[in-house]
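Read through the structure below, which is laid out as structure tokens, and then see the notes.
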Amino acid sequence: MPKFSIIIPVYNLENYIETCLESILHQTNQDMEVLVVDDGSTDHSVEKIKKYPVHLIELEKEGYGNGHARNVAVKKAQGDYILFVDGDDYIEPDLLETLASVPNDPDLIRYQIRKVYEDGRKEDLQEVSFEDKNGVEAFSIISTFHIVESPCCYAVKRAFYQGGQFRFQENAYHEDFGLIPYIIIKAKKVTSITKIGYNYLQRTGSIMHHSTYEQAKKKVYDMYGRYQDLMRQAKKESIDTSIYRSFLANSMILKITELKGKDYREMKKKLKEEHVFDEIQTNTLPRKVKKQILKWSPKLYYRLRG
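First residue of the sequence shown: 36, per this note's numbering; consecutive thereafter.
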């Protein structure tokens with residue numbers, strides 16, 4: 036079996052997929068398999084992918100998004116560790132070599148991200164390192180990082196991932212909301228390395244940057260449904276999930292600030308009725324102040340925060 040399974044969901048990425056695949060196939064450690072999942076591309080993505088020695092999966096059920104594509108590939112993965120790479124991003128040439136040298140076989144390895152802008156600027160998001168912490172301890176640190184939830188900055192042990200029956204949400208926006216934090220807190224051993232291993236392209240034409248208000252509204256409600264599921268799950272755990280629940284609550288409260296007028300007021304009222312604000316940790320004075328401002332006006336809090 037290979038050491039690494041690299042999973043790449045693709046939809047209409049003909050201008051980026053070659054750079055992505057080149058960065059993977061020219062790794063200094065070649066102990067890997069590459070699973071590319073095409074979700075019904077209508078451009079030349081598939082033609083370009085077929086030029087490379089990768090396992091191409093063309094979905095029969097199309098249009099269910101990255102979540103479905105990743106779930107399909109995970110079932111086929113054979114590597115000791117799974118990595119998720121988006122088809123418009125690319126990784127550093129020695130990332131796999133660095134990961135292979137991490138000791139003690141952790142369930143999860145966190146590596147760091149570089150933002151790459153279309154004008155050529157680069158921004159390294161350098162975070163702290165630690166070794167062999169349990170999931171709750173690890174998440175208390177990782178939750179302070181710049182990017183927490185993206186699956187693209189973690190190598191996850193396949194046996195742990197599949198054994199935990201973790202799944203991305205399908206046919207929904209924010210398919211990865213809450214999933215990686217949940218995986219982290221469930222892990223017995225987590226390591227974070229300072230290696231900048233992943234290059235995250237800041238694409239102005241991506242779905243993250245262009246949406247109508249109705250799409251933005253659907254994103255909020257998709258996320259709210261997922262939030263409710265995750266909270267029910269978290270409250271059943273035997274471990275202390277308070278920091279995880281606080282993270283979910285903060286994410287949900289921030290998300291509703293994208294709503295306008297009546298939609299915003301109704302969702303804010305709903306969150307209050309369901310005690311979402313009560314999940315925010317208040318173990319320090321700044322957090323107590325933050326909670327009070329958020330309960331009064333989430334939009335004001337985030338405007339003051341800048």
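The C-beta atom is built at its ideal place from N, Cα and C for all residues, glycine as well.
With a CB to CB cut of under 8 Å and the five nearest residues on each side skipped, what residues in its chain are close to residue i?
i: Ile242; result: Confidence at Ile242 is low in this model, with a pLDDT of 49, below 50, so its placement is unreliable and the value that follows should be read with caution. Counting only Cβ-Cβ distances below 8 Å, and skipping sequence neighbours, we find nothing.
i: Glu307; result: For the record, residue 307 in the displayed sequence is Lys; it is not Glu. The residues are Lys330.
i: Val137; result: Ile144, Thr226 and Ile228
i: Lys334; result: Thr292 and Tyr299
Judging by CA-CA distance, which residue of the options is the nearest neighbour of residue i?
i: Gln316; options: Glu309, Lys325 and Val191; result: Lys325
i: Ser332; options: Tyr87, Asn206 and Lys304; result: Lys304
i: Val311; options: Leu339, Leu265, Asp298 and Tyr337; result: Leu265
i: Asn169; options: Tyr217, Leu94, Pro44 and Ile117; result: Tyr217
i: Lys75; options: Gly102, Val45 and Glu49; result: In the sequence as presented, Lys is not what sits at residue 75; that position holds Gly. Comparing Cα positions, the closest option is Val45.
i: Glu95; options: Val89, Ala104 and Tyr87; result: Ala104
i: Ile288; options: Gln268, Thr276, Ala269 and Tyr337; result: Tyr337
i: Thr179; options: Val191, Lys192, Tyr189 and Val163; result: Val163
i: Ser286; options: Ser246, Glu184 and Glu272; result: Glu184
i: Asn106; options: Ala222, Val191, Asp313 and Ile42; result: Ile42
i: Lys202; options: Val71, Gly102, Leu91 and Glu314; result: Looking at the sequence shown, residue 202 is not Lys but Arg. Cα-wise, what sits closest to Arg202 is Gly102.
i: Val71; options: His90, Gln62, Thr77 and Asp78; result: His90
i: Ile219; options: Pro88, Ile274 and Lys85; result: Ile274
i: Glu314; options: Arg340, Glu301, Gln263 and Gln250; result: Gln263
i: Phe119; options: Ala190, Lys85, Thr276 and Tyr99; result: Ala190
i: Ala222; options: Gln204, Glu272, Thr239 and Glu309; result: Glu272
i: Arg267; options: Thr319, Glu309 and Asp121; result: Glu309
i: Lys110; options: Asp121, Asn206 and Gln200; result: Gln200
Cutting at 7 Å between CB atoms, please list the residues of its own chain near residue i, excluding the five before and the five after it.
i: Gln113; result: Met36, Pro37, Ser40 and Glu68
i: Asp167; result: Asn139, Pro141, Lys224 and Thr226
i: Lys323; result: Thr317
i: Lys83; result: Glu49, Ile52 and Glu53
i: Asn343; result: There is simply no residue 343 to check, as the chain begins at 36 and stops at 341 in what is shown.
i: Lys290; result: Val255 and Met258
Bridge partners of residue i, per DSSP?
i: Glu158; result: Lys150
i: Tyr99; result: According to DSSP, Tyr99 bridges with nothing at all.
i: Asn234; result: Tyr125 and Arg149
i: Ser40; result: Glu68 and Ile117
i: Asp73; result: Val45 and Glu93
i: Val191; result: Ile117 and Leu143
i: Lys168; result: Val225
Which residues in the same chain have their Cβ closer than 6 Å to the Cβ of residue i, if we skip the five residues on either side of it in sequence?
i: Gln237; result: Lys150 and Tyr152
i: Asp66; result: Pro37 and Lys38
i: Tyr248; result: none
i: Asn64; result: Leu131, Glu132 and Ala135
i: Glu93; result: Asp73
i: Ile215; result: Glu184 and Pro186
i: Gln327; result: none
* Asked: Any contact of the segment 254–270 with the segment 280–294, i.e. 3+ C-beta pairs under 8 Å?
  -> The segment 254–270 makes contact with the segment 280–294: 3 or more CB pairs, one atom from each, lie closer than 8 Å.
* To do: Indicate whether the contact test is met: 3 or more Cβ pairs, each with one atom in the segment 197–212 and one in the segment 224–238, closer than 8 Å.
  => At 8 Å Cβ cutoff, the stretches do not touch.
* Three or more C-beta pairs below 8 Å linking the segment 140–159 and the segment 217–232 -> Flag = yes, the segment 140–159 and the segment 217–232 touch.
* For the segment 246–284, list the alpha helix (DSSP H) runs that are entirely contained and at least 4 residues long, ordered along the chain. => Listed in chain order, the complete alpha helix (DSSP H) runs (minimum 4 residues) inside the segment 246–284 are 248–271.
* Is it true that the segment 114–129 meets the segment 50–69, where meeting means three or more beta-carbon pairs spaced less than 8 Å apart? -> Yes: the two stretches touch, three or more of their Cβ pairs being nearer than 8 Å.
* Touching or not, the segment 169–178 and the segment 272–284, by the rule of three or more beta carbon pairs under 8 Å? -> Yes, the segment 169–178 touches the segment 272–284.
* Asked: Would you call the segment 157–167 and the segment 190–197 in contact, with 3 or more CB pairs under 8 Å?
  -> In short, these stretches do not touch, since the Cβ pair count stays below three.
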